[in-house]
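First comes the structure, then the notes that go with it.
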Amino acid sequence: MRIVNLLAEVNEQECNGCGTCVKVCPTLAIELRRREDNGRSKPLAFIDVTKCVGCWACEQRCPSHAMHMVRHPSPHRIAVSTDDVERTQIAALCRKARLHPEQVICYCTTTRAEEVAAAILKGLHTPEELSQYTGVRTGCKVECTQPILRLLEAAGLPLEPTLKHGWQLYGRTVTAWEVPEAVKAKYASRGFYFDEDITLLNQIVAASEE
Amino acid sequence: MRPTLKPIPARKSQYGIDPDLLTMRGSELPDMTSVQLTDLFPDLPQVIYPGPQGIATVRKATTEALADVDMSMIQVKDSVNILASHHGFTLLGGEAYAEMLRTIRDVVHQRTGATNIRLRAGVGLRFRETEEYIQRFGLDEHFGGKAEGIAPIDRGVPIETDIGTLYGIAQAYDARWIIHAHNSDVREVHFHRQVDRAVKPFGMSYARIETRSTYHQNLGPRAANFVARAIFDSPFVREKFAFTCFLVMAPHGVVRVDADNNLYAVNDRLTRDGCRYYGKIMTLLGQIDDCIAILDFPAPVPYNFSAGVIYANFCGANIDLFDLDNPLPPYTWYTEAYYGKDGKPLIDGIPPMNPAIKMCIHNYAWAGYPVVFFAEQVPTLVVGEEQAQLMRDDPQNTFYMDHAMVAPSLKKAMHFAQRATGSDNVLVFDGAAGGINVSPSLADLLTRKAPAVATRVEDELLPRWLQQRGLQVA
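Protein chains in written order, with numbering that gives the first Met the number 0: chain U, 0 to 209; chain S, 0 to 473.
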């Protein structure tokens, strides 16, 4: 769930068509299109305002400082309702991903696992669609990456990058339950508390079953 | 009454309000005083900076520390990346860390003849933050145009580790050699818990989003700290690693520079120092039963400094953050995740955010880090409509002002806070060097309680903390 109150805008004089913005946009709202300029064709960034949620990723990484954030003409809230999805299905998907449905997975937008699970069950099957409709991964763009991939994987969906050569997402990584026993044994005395943390994480998931 | 200490100046930044809008600092409130950290804990080591000779002492200390470091692996035609992190630039105004970076570059060039020496400066969640510091401290000029800020959404590189594939920022590792140039300031004790603190940037400021999310969501609050070690110990990183150089901090300033080809040797030294010096001040702050906190520093809410301790740690000072038998700090992202829709924890035993903080006055702090949780847990007054709008426009905090109120001025905010809370204890997070700006009642409390805290840490807590990390006191 997110408030969309800003939009990205391209300054076409400053844009050099490098495509960095295309590679970092979490909703795939940007593409390069060729424009005529003094008789020459050059690639320029084009923003689909229906997909842009004003996350600042393009503005923050454009090497030419050609992206600017402007007030959205129609500020609005984006969210996916959980009301019209079977509660047991949401809970089962979250449990499979080892998450509690009410667990916050996106701290910036306070989006919970149940909303992302509902979105997946309703047919949103890529990280970028999830970002566009729930707002997840459009705040810091960083910390909620793995729970998104865990839920998609739990739903049996492929985790291939949507945009070839993009930098949106590279892959799912290890979870607590997958750390090799040899690693845990080797570093048992150094303060990592591997098994104690597994117990804590399992408690959270078990609380959802209650 | 001791006069207040000068706060760290406000900074012009895309992440904060225009400093000209900041009309009053917390230390300028009536009847404020200060305490010196060396009065609270006389055993604190002597600082080399700040001092009468300024950053010259940092250059001297860095050069001396590097004298014993083997650099023979670096050939004249090799490329070298000096890896830095944003955090160092928030310490004491940032000049000390910048000078250490300049000195490392100069010494490497002098001793090896290498000229292709780059600076790669990683960030937290403000992706252009180190670009600002590179300009501010003239690092682009010093590195001959080869200084870049890098961000976690930049192009990645897979790194095969003992726990599977993790991902680094490609530009951090695009040289033949890397030099890990960091600082020992404890900062995020709620996250790292002083476990592998010296290794942390390999899982954070040099890492991609996949890795950082692994840390904060996949492994658990303590096991997460293995991510950095896994990456550092990978063949990919070890093959590039030349040496490390640290600005060694205590709560009151820079105490030395430490450099070594063995990062884990540095890590063990810094673990002892960190637990001892920061453990004492954090345990002392945990003795406060009620107070009003004023945020007044050029960093986001959790990273406002006081006495070398960040506000996020004060929010957790109601438990012992160094004790690893405590699974969840009152604030960490794992903790925040486990609050349900009704605002209550999902399981029993999750400690609340420090109930001693009766109100937070957000006088000056940057955007660029998700802090809605802080405003949900602690009654918060934001000074000025400009600061409120800054937070509303921040994609990480669009809901912050749903939980905080706007006060027209700092004086009015303080008047309201004192009437609402009944507390006379005021603690200012303004980065003042060497001490803390406080109200007289809080100065008295801290001074009275410090000796017993020091004894308890030395005799009881420090041995326990170190034993949990596989170390002895000496």
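C-beta atoms are modelled at their ideal positions from N, C-alpha and C, and glycine is treated no differently.
(1) Between the Cα of valine 456 of chain S and those of S:Thr282, S:Ile291, S:Ile73, spot the shortest distance and give me the residue it belongs to.
(2) What residues in the stretch 184 to 204 of chain U have a beta carbon less than 8 Å from any beta carbon of chain S?
(3) For a contact meaning CB atoms closer than 7 Å, what does histidine 99 of chain U contact in chain S?
(4) Please classify alanine 184 of chain U as buried or exposed, where buried requires at least 16 other C-beta atoms within 10 Å of its C-beta.
(5) Which word fits glutamine 88 of chain U, buried or exposed, when buried means at least 16 other C-beta atoms lie within 10 angstroms of its C-beta?
(6) In terms of alpha-carbon separation, which member of U:Ile119, U:Ala112, U:Asp36, U:Cys20 lies closest to valine 204 of chain U?
(7) Using C-beta distances below 7 Å, list every residue in its chain close to threonine 118 of chain U, excluding the 5 sequence neighbours before and after it, in chain order.
(8) Taking 8 Å as the CB-CB cut-off, is glycine 170 of chain U touching chain S?
(9) Counting only Cβ pairs nearer than 7 Å, list the residues of chain S close to leucine 5 of chain U.
(10) Just curious, the beta strand (DSSP E) that histidine 181 of chain S is in, first and last residue?
(11) Could you pull the start and end residues of the alpha helix (DSSP H) that glycine 278 of chain S belongs to?
(12) Indicate the three-state DSSP secondary structure (helix, strand or coil) for phenylalanine 304 of chain S in the structure shown.
(13) Specify, as a first and last residue, the run of the beta strand (DSSP E) that alanine 67 of chain U falls within.
(14) What's the C-alpha gap between glutamine 74 of chain S and histidine 189 of chain S?
(15) Could you name the residues of the stretch 102 to 129 of chain S whose beta carbon sits closer than 7 Å to any beta carbon of chain U, in the order they occur along the chain?
(16) What residues in the stretch 355 to 380 of chain S bring their beta carbon closer than 8 Å to a beta carbon of chain U?
(17) Roughly how many angstroms lie between the CA atoms of tyrosine 399 of chain S and histidine 215 of chain S, to the nearest whole one?
(18) Rounded to whole angstroms, what is the Cα-Cα separation between glycine 53 of chain U and glutamine 467 of chain S?
(19) Do you know offhand how far tyrosine 169 of chain U's Cα is from threonine 137 of chain U's?
(20) Would proline 474 of chain S be called buried (16 or more neighbouring beta carbons within 10 Å of its own) or exposed?
(21) What are the start and end residues of the beta strand (DSSP E) that includes asparagine 4 of chain U?
(22) Mind checking which residues open and close the beta strand (DSSP E) that includes alanine 258 of chain S?
(23) Does the distance from the C-beta atom of alanine 227 of chain U to that of cysteine 105 of chain U stay below 8 Å?
(24) Starting from arginine 135 of chain S and walking both ways along the alpha helix (DSSP H), at which residues does that stretch end?
(25) Assuming lysine 220 of chain U is part of the alpha helix (DSSP H), what are its boundary residues?
(26) What are the start and end residues of the beta strand (DSSP E) that includes arginine 10 of chain S?
(27) Can we say the stretch 84 to 104 of chain S touches the stretch 51 to 71 of chain S, given the rule of at least three CB pairs closer than 8 Å?
(28) Can you list the residues of chain S that glutamine 102 of chain U reaches, using a CB-CB cut of under 8 Å?
(29) If you compare alpha carbons, which of S:Ala419, S:Cys359, S:Ala442, S:Val253 is closest to isoleucine 54 of chain S?
(30) Could you tell me whether any Cβ in chain U is nearer than 8 Å to the Cβ of glutamate 159 of chain S?
(31) Decide if asparagine 201 of chain U is buried, meaning its Cβ has at least 16 other Cβ atoms within 10 Å, or exposed.
(32) Identify each residue in the stretch 207 to 222 of chain S for which the Cβ-Cβ distance to at least one residue of chain U is less than 9 Å, and report them in chain order.
(33) Residues in the same chain with beta-carbon distance under 6 Å from arginine 154 of chain S, minus the five sequence neighbours each way, listed in chain order, please.
(34) Chain U beta carbons: is any one of them nearer than 8 Å to that of glycine 155 of chain S?
(35) Specify whether the stretch 17 to 30 of chain S and the stretch 446 to 455 of chain S touch according to this definition: at least 3 beta carbon pairs, one from each stretch, less than 8 Å apart.
(36) Taking the alpha-carbon of glutamate 35 of chain U as reference, which of U:Lys140, U:Gln12, U:Lys22, U:Ala28 has the nearest alpha-carbon?
Taking the structure as given:
(1) S:Thr282
(2) Tyr186, Ser188, Arg189, Gly190, Phe191, Tyr192, Phe193, Glu195, Asp196, Ile197, Leu199, Leu200, Gln202, Ile203
(3) Leu345
(4) Looking at its Cβ environment, which holds fewer than 16 other Cβ atoms inside 10 Å, alanine 184 of chain U is exposed.
(5) exposed
(6) U:Ala112
(7) It should be noted that the sequence gives alanine, not threonine, for residue 118 of chain U. Hits under 7 Å: Val79, Leu129, Tyr132, Thr133.
(8) yes
(9) Listed by position along chain S, the residues whose Cβ is nearer than 7 Å to that of leucine 5 of chain U are Asp392.
(10) 176 to 182
(11) 278 to 284
(12) strand
(13) As written in the sequence, residue 67 of chain U is histidine, which differs from the alanine given in the question. Note, histidine 67 of chain U: beta strand (DSSP E), 66 to 77.
(14) 41 Å
(15) Hits within the stretch, in order: Leu124, Phe126, Arg127.
(16) The residues in question are Tyr368, Pro369, Val371, Phe372.
(17) 21 Å
(18) 45 Å
(19) 17 Å
(20) In this structure chain S extends from 0 to 473, so residue 474 of chain S is not present and cannot be described.
(21) 1 to 9
(22) 252 to 259
(23) Here chain U covers residues 0 to 209 and nothing more, so residue 227 of chain U does not appear.
(24) Under the DSSP assignment, arginine 135 of chain S falls in the alpha helix (DSSP H) whose first and last residues are 128 to 135.
(25) Because chain U here runs from 0 to 209, residue 220 of chain U falls outside it and cannot be looked at.
(26) Note, arginine 10 of chain S: premise wrong, no beta strand (DSSP E); not H, not E.
(27) yes
(28) Ala336, Tyr337, Leu345
(29) S:Val253
(30) Interface residue (Cβ-Cβ distance to chain U less than 8 Å): glutamate 159 of chain S is not classified as such.
(31) exposed
(32) Arg207, Ile208, Glu209, Thr210, Arg211, Ser212, Thr213, Tyr214, His215, Gln216, Asn217, Leu218, Gly219, Pro220, Arg221, Ala222
(33) Ala169
(34) Interface residue (Cβ-Cβ distance to chain U less than 8 Å): glycine 155 of chain S is classified as such.
(35) Fewer than three beta-carbon pairs drawn from the stretch 17 to 30 of chain S and the stretch 446 to 455 of chain S are found closer than 8 Å, and the two stretches are therefore not classed as touching.
(36) U:Gln12
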